[in-house]
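Comments concern the structure below.
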Amino acid sequence: MIRNLMILAHQGKQFIPDLTSASVPGIFRGRPVISREVINEQQLASLCPTAAIAVNPLSIDMGRCTFCGECAFAFPGKISFTTDYKIASNERDALIIREGDDRPVLLNAGLIRKEISEFFSGSLKLRQVSAGADNSCEMELNACGNVNFDMGRFGIEFVASPRHADGIVITGAISEHMAEPLQICYDATPEPKIIILAGIDAISGGIFEGSPALNRSFLDKYKIDLYVPGNPVHPLSFINGILELIKVRKKS
Amino acid sequence: MLNYISVKNNQCIPFSSIPVLEYEQFLDYNTSLVKEESNHCVNYYGIRKQGKIVLICCIASDADGLIHISSTEVKPEVQLESFTARHLAFHIFEREIHENFGISYIDHPWLKPLRFPFNSFDKSSGIANYPFYKIESEELHEVGVGPIHAGVIEPGHFRFICNGEQILHLEIQLGFQHRGIENLFLEKKTLLQRTTLAENIAGDTVAGHTTAFVNLWESLCNFSPEADLQFARTLALELERIAIHTGGLSAMCTDVAYQLGSSVFGRLRTPIVNYFQIWGGNRLAKGLLRAGKTNFPFDKVLEEKLQTVFNEYKPDFDEMCKETFSLPSVLGRFEKTGVVTKEQALLTGAVGMTARSSGVNKDIRASHPHDYYQLSEHLPVIKKHGDVFSRAQIRREEIKQSIEHIRKLLESIPDENKKRQELNPPSSDSFVLSLVEGWRGEICHCAITDENGELTHYKVKDPSLHNWLSLALAVRNNEISDFPICNKSFDLSYCGNDL
Ligand code: SF4
Numbered sequence: 011m012i013r014n015l016m017i018l019a020h021q022g023k024q025f026i027p028d029l030t031s032a033s034v035p036g037i038f039r040g041r042p043v044i045s046r047e048v049i050n051e052q053q054l055a056s057l058c059p060t061a062a063i064a065v066n067p068l069s070i071d072m073g074r075c076t077f078c079g080e081c082a083f084a085f086p087g088k089i090s091f092t093t094d095y096k097i098a099s100n101e102r103d104a105l106i107i108r109e110g111d112d113r114p115v116l117l118n119a120g121l122i123r124k125e126i127s128e129f130f131s132g133s134l135k136l137r138q139v140s141a142g143a144d145n146s147c148e149m150e151l152n153a154c155g156n157v158n159f160d161m162g163r164f165g166i167e168f169v170a171s172p173r174h175a176d177g178i179v180i181t182g183a184i185s186e187h188m189a190e191p192l193q194i195c196y197d198a199t200p201e202p203k204i205i206i207l208a209g210i211d212a213i214s215g216g217i218f219e220g221s222p223a224l225n226r227s228f229l230d231k232y233k234i235d236l237y238v239p240g241n242p243v244h245p246l247s248f249i250n251g252i253l254e255l256i257k258v259r260k261k262s
Numbered sequence: 004m005l006n007y008i009s010v011k012n013n014q015c016i017p018f019s020s021i022p023v024l025e026y027e028q029f030l031d032y033n034t035s036l037v038k039e040e041s042n043h044c045v046n047y048y049g050i051r052k053q054g055k056i057v058l059i060c061c062i063a064s065d066a067d068g069l070i071h072i073s074s075t076e077v078k079p080e081v082q083l084e085s086f087t088a089r090h091l092a093f094h095i096f097e098r099e100i101h102e103n104f105g106i107s108y109i110d111h112p113w114l115k116p117l118r119f120p121f122n123s124f125d126k127s128s129g130i131a132n133y134p135f136y137k138i139e140s141e142e143l144h145e146v147g148v149g150p151i152h153a154g155v156i157e158p159g160h161f162r163f164i165c166n167g168e169q170i171l172h173l174e175i176q177l178g179f180q181h182r183g184i185e186n187l188f189l190e191k192k193t194l195l196q197r198t199t200l201a202e203n204i205a206g207d208t209v210a211g212h213t214t215a216f217v218n219l220w221e222s223l224c225n226f227s228p229e230a231d232l233q234f235a236r237t238l239a240l241e242l243e244r245i246a247i248h249t250g251g252l253s254a255m256c257t258d259v260a261y262q263l264g265s266s267v268f269g270r271l272r273t274p275i276v277n278y279f280q281i282w283g284g285n286r287l288a289k290g291l292l293r294a295g296k297t298n299f300p301f302d303k304v305l306e307e308k309l310q311t312v313f314n315e316y317k318p319d320f321d322e323m324c325k326e327t328f329s330l331p332s333v334l335g336r337f338e339k340t341g342v343v344t345k346e347q348a349l350l351t352g353a354v355g356m357t358a359r360s361s362g363v364n365k366d367i368r369a370s371h372p373h374d375y376y377q378l379s380e381h382l383p384v385i386k387k388h389g390d391v392f393s394r395a396q397i398r399r400e401e402i403k404q405s406i407e408h409i410r411k412l413l414e415s416i417p418d419e420n421k422k423r424q425e426l427n428p429p430s431s432d433s434f435v436l437s438l439v440e441g442w443r444g445e446i447c448h449c450a451i452t453d454e455n456g457e458l459t460h461y462k463v464k465d466p467s468l469h470n471w472l473s474l475a476l477a478v479r480n481n482e483i484s485d486f487p488i489c490n491k492s493f494d495l496s497y498c499g500n501d502l
């Protein structure tokens with residue numbers, strides 16, 4: 011027991027005090043910025059592995075971008091990545107960064123259902139469904155609950171059963187074999203419930219887009235409450251996205 | 004004519020130089036090779052060729068660092084004598100061949116589906132109505148778990164047959180994560196797309212699978228990676244091992260309800276994955292490794308930061324290990340739980356950490372070294388008992404060993420080659436095989452090109468493919484409540500199996 015307490019003492023404080031303003035170490039590639047420099051746009055767009063870059067006007071879709079950074083290495087004056095990890099939104103279109111844009115990605119408050127802040131602002135229990143994923147987003151979602159990120163401090167937790175959950179978090183490109191289990195899990199979650207897509211595989215299929223082994227029809231049926239880009243999602247992107255979604259907003 | 008062609012790891016050869024044997028001879032030759040304990044099958048698979056199936060078998064010989072490759076051609080409608088009847092380790096490969104092409108075997112013990120691929124020969128059998136093995140009995144009961152599990156983990160179905168609390172039999176059905184990766188390697192045409200695919204095979208083994216891919220690709224393009232590229236790959240592999248093993252110890256503590264161990268090991272993983280972000284911008288090393296180039300040259304500044312990470316990690320890690328590995332409540336759950344005997348490990352063809360925990364000396368870093376492993380001697384950590392405790396201990400010791408390896412690497416950091424040659428296009432009509440010891444074990448990628456140098460076949464083998472059967476055997480006669488800790492102690496990949 012004494013030794014356990016000593017270990018505890020040696021650990022000191024490990025939690026990140028303010029998750030909304032923490033800075034990330036190193037060269038994290040978060041929200042991209044596209045300058046107005048004139049370059050060969052076709053060449054730029056064609057190098058992207060997941061067709062995240064569109065031309066006329068030039069844009070990067072963070073719902074498809076693997077954040078590999080290759081575009082920025084090839085055209086350093088044109089594309090740069092900021093360390094801004096607050097890249098989640100409830101609007102698919104808000105993930106698309108256009109030439110000249112350099113402002114925070116926001117949630118569209120008007121689209122957030124009233125019940126979300128009413129029921130979930132103090133406590134949100136989530137059921138995670140890994141569907142055609144590679145276990146990278148799963149590891150990062152687990153990290154959200156570790157002592158560093160400690161998402162539990164906001165009452166946000168992953169639970170074992172969909173019946174205890176207020177919503178589901180989908181990772182992966184949604185394989186044909188997971189389409190039915192995903193549907194069953196969603197149906198078993200009581201109303202009101204939310205759907206979060208974590209990672210670009212879930213949002214767009216990522217590098218797996220178009221594979222005949224996928225079945226993404228689930229996504230056509232429901233409104234998505236939050237898109238969190240990343241490959242994998244960074245814990246800070248995930249936690250901040252959820253906090254924005256469930257926070258109590260003043261009535262205007 | 005020889006029965007086989009012997010190659011080194013990452014040696015590119017003309018596809019036509021692989022001898023084509025009669026099936027009988029092919030069977031005799033390969034199954035006799037693996038009678039030797041130091042020989043093991045690293046890949047055995049089929050490709051379609053003008054209505055026939057070409058079977059390619061790759062047996063690695065640990066004694067001399069060679070891989071013996073042979074092939075045969077069969078018609079899909081034939082019935083064959085199985086390799087598996089002679090050596091069980093082939094079971095998984097023949098199940099895959101059966102599932103993909105419909106080849107049947109007269110004496111294969113169980114042609115259980117592997118992953119229900121979208122292009123399987125039998126479209127009528129589906130994962131949803133898979134008939135699990137049953138025992139008729141009044142006393143026994145079944146427990147089904149999955150595909151969705153209680154934690155934030157990947158999907159797979161476990162079906163237990165229990166006598167009270169005791170597990171008599173576990174059947175594991177995988178395939179839920181199947182994304183059709185091997186096919187996508189052919190569909191996606193650019194090098195960056197294929198590298199991205201390799202990075203996304205298994206997100207916990209990014210360095211492992213990407214190293215296998217880039218080494219293979221460079222060999223196809225007749226490019227010898229310079230010291231700085233080899234250095235980065237070796238460093239990334241060892242860092243990945245430290246990160247995942249640390250996370251593994253955390254999860255194992257969680258599963259035996261040792262909260263302090265769970266928290267401390269969990270937070271010790273953070274600086275290691277953050278280091279990947281400092282170096283390459285991604286916590287799991289996606290984007291870090293590239294064929295024929297590097298975007299993130301390693302330098303003195305990075306070296307200093309890494310030394311600091313280790314200096315802070317090491318005392319806390321040692322302190323936590325000392326406590327965990329002597330705590331009766333942990334030992335009581337770890338020791339003699341989930342045993343895989345050496346005989347079982349050899350029989351089932353276990354690889355990597357799982358094999359080494361059961362006394363089997365298998366480690367590609369020592370037997371078929373690539374990159375910087377060629378320059379220094381690697382002595383695999385071997386444990387004897389094959390229980391959960393051995394698999395925990397191996398993590399502890401391999402972490403220490405990896406830190407030592409890295410500290411040695413850091414003594415002489417190669418300069419970045421600023422005048423690197425562009426990659427040539429891939430060679431035509433070629434075959435190449437790449438082996439890497441990932442943190443979980445032996446990874447094998449194989450590629451074949453056509454007369455224009457285009458990929459016509461790409462094969463991925465994750466070490467989990469061999470090891471899932473070890474888990475099924477390990478839990479027999481254990482309490483079902485020990486299943487989570489057993490499962491975590493192997494820490495196998497679902498997506499690596501399902502592809
Ligand atoms: S960073 Fe994103 S947009 Fe740029 S090349 Fe990579 S995937 Fe494409």
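Chains A and B are the protein sequences, given in the same order.
So in my numbering, the last spot in the first sequence is 262, and the numbers never skip.
So in my numbering, the last spot in the second sequence is 502, and the numbers never skip.
A virtual CB, placed ideally from N, CA and C, is assigned to each residue, including glycine.
Contact test: residue i Cβ vs the ligand SF4 heavy atom, cutoff 7 Å
i: A/Glu-219; result: no
i: B/Pro-300; result: no
i: A/Leu-57; result: yes
i: B/Thr-327; result: no
i: B/Cys-61; result: no
i: A/Gly-215; result: no
i: A/Gly-209; result: no
i: A/Thr-76; result: yes
i: A/Cys-81; result: yes
Inter-residue Cα distance where the pair is residue i and residue j
i: B/Asn-500; j: A/Gly-120; result: 43 Å
i: A/His-244; j: B/Leu-5; result: 53 Å
i: A/Gly-177; j: B/Arg-182; result: 25 Å
i: A/Ser-262; j: A/Ile-122; result: Bear in mind that a pLDDT of 49 at A/Ser-262, under 50, signals an unreliable position, so the number given afterwards is only what the model happens to contain. Roughly 14 Å separates the two Cα atoms.
i: B/His-248; j: B/Ile-402; result: 7 Å
i: B/Thr-452; j: B/Leu-458; result: 4 Å
i: B/Thr-214; j: B/Gln-424; result: 19 Å
i: A/Asn-118; j: A/Asp-28; result: 23 Å
i: B/Gly-147; j: B/Ile-164; result: 9 Å
i: B/Cys-15; j: B/Leu-468; result: 25 Å
i: B/Ser-41; j: A/Glu-109; result: 59 Å
i: B/Phe-18; j: B/Ile-109; result: 30 Å
i: B/Ile-106; j: B/His-460; result: 19 Å
i: A/Tyr-196; j: A/Ile-204; result: 9 Å
i: B/Gly-355; j: A/Pro-114; result: 45 Å
i: A/Ile-184; j: B/Tyr-32; result: 42 Å
i: B/Leu-398; j: B/Leu-263; result: It should be pointed out that residue 398 of chain B corresponds to Arg in this sequence rather than to Leu. Rounded to the nearest angstrom, the two C-alpha atoms are 18 Å apart.
Sub-8 Å separation of residue i and residue j beta-carbons
i: B/Ala-205; j: B/Glu-243; result: no
i: A/Ala-104; j: A/Lys-135; result: no
i: A/Lys-257; j: A/Ser-131; result: yes
i: B/Val-435; j: B/Ser-222; result: yes
i: B/Val-37; j: B/Ile-8; result: no
i: B/Asp-207; j: B/Leu-271; result: no
i: B/Tyr-375; j: B/Leu-412; result: yes
i: A/Asn-241; j: A/Phe-91; result: no
i: B/Ser-430; j: B/Asn-225; result: yes
i: B/Asp-258; j: B/Glu-338; result: no
i: B/Asn-470; j: B/Ala-353; result: yes
i: A/Arg-41; j: A/Asp-94; result: yes
Contact belief for residue i with residue j at Cβ below 8 Å, rounded distance in angstroms
i: B/Glu-102; j: B/Pro-116; result: 6 Å
i: B/Phe-188; j: B/Leu-173; result: So it is not a contact: roughly 32 Å between Cβ atoms.
i: B/Glu-315; j: B/Asp-366; result: So it is not a contact: roughly 29 Å between Cβ atoms.
### Task
Could you tell me whether the segment 35-48 of chain A touches the segment 205-219 of chain A, where touching means 3 or more Cβ pairs closer than 8 Å?
no
### Query
Are the segment 128-138 of chain B and the segment 229-236 of chain B touching by the rule of at least three beta carbon pairs closer than 8 Å?
no
### Query
Would you say the segment 53-72 of chain A touches the segment 302-310 of chain B, given that touching needs at least three Cβ pairs under 8 Å?
no
### Query
Would the segment 187-200 of chain A and the segment 222-233 of chain A be scored as touching if the rule is three or more Cβ pairs under 8 Å?
yes
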